[in-house]
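Beneath this line is the structure, given in structure tokens, with notes to follow.
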Amino acid sequence: MWLITEEYNGSEPNKSVIAAETMFWTYSTTGHFNPAGQKFGEIMINDTTWEVWHQKDWDDKSGVNDNKWVNVSFRAKKLMMSANIPALNLLKHAINERLISQNLFIADVELGNEIMSGAGIAWVKEFSVLYE
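When we follow my numbering, the leftmost residue of the sequence shown carries the number 1388, and every step to the right adds one.
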């Protein structure tokens, strides 16, 4: 999920408004790699404990873009192949802990894998975003 500093309706990407990247990890292989930054703490929501990871000055590791942003990742301690992610509650936690500003806008929500080695297939049977 990308968070930006202002409402943006343009047709061209505008990297100057990018403020934060948030990730929600529901499954990760132990010992392979951790989310960006340092572990900040943990929070329990709906019987799931989430590790909170934070990096203040994250950047594009491909070298294509030179801007920086905050990276906040939430990694579930229980492995889940299917999940309802309490994203707004986790974002509120990040705001309350002053990891991100409360004055940001959600630019998009993406679904993907962070593949570091090996091979496989990811089947997505349903992906929806509900907000109230």
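Idealized CB from N, CA, C, for every residue including glycine.
If you count every other CB in all the chains shown that lies within 10 Å of the CB of A1509, and 16 or more means buried, which is it? In the sequence shown, counting from the first residue as 1, residue 1509 sits at position 122. Around the C-beta of A1509, fewer than 16 other C-beta atoms lie within 10 Å, and the residue is accordingly described as exposed.
When DSSP labels each residue in this structure, what does S1403 get in the three-state scheme? The sequence position of residue 1403 within the sequence shown is 16, counting from 1. Taken through DSSP and simplified to helix, strand or coil, S1403 comes out as helix.
In angstroms with no decimal places, state the Cα-to-Cα distance between A1531 and T1413. Here the chain comprises residues numbered 1388 to 1519, so residue 1531 is not present and cannot be evaluated.
At least 3 beta-carbon pairs within less than 8 angstroms: the region 1450-1462 vs the region 1405-1422: Yes, since at least three Cβ pairs between the region 1450-1462 and the region 1405-1422 fall closer than 8 angstroms, the two stretches touch.
From the DSSP output, in three-state form, read off L1478 for me. For this step, residue 1478 is matched to residue 91 along the sequence shown. L1478 falls in the helix class under three-state DSSP.
Taking the alpha carbon of G1418 as the reference point, which residue from M1503, D1495, I1432, W1456 has its own alpha carbon closest? In the sequence shown, residue 1418 corresponds to position 31, counting from 1. Taking only the C-alpha atoms, the option nearest G1418 is M1503.
Backbone CA spacing between V1457 and G1397 [nearest angstrom]: Indexing the sequence shown from 1 puts residue 1457 at position 70. Indexing the sequence shown from 1 puts residue 1397 at position 10. One Cα belongs to V1457, the other to G1397, and the distance between them is close to 22 angstroms.
Taking the beta carbon of S1460 as the centre, do at least 16 other beta carbons fall within 10 Å, making it buried, or is it exposed? Against the sequence shown, residue 1460 aligns to sequence position 73. Taking all protein chains shown into account, S1460 has 16 or more neighbouring C-beta atoms within 10 Å of its C-beta and is therefore buried.
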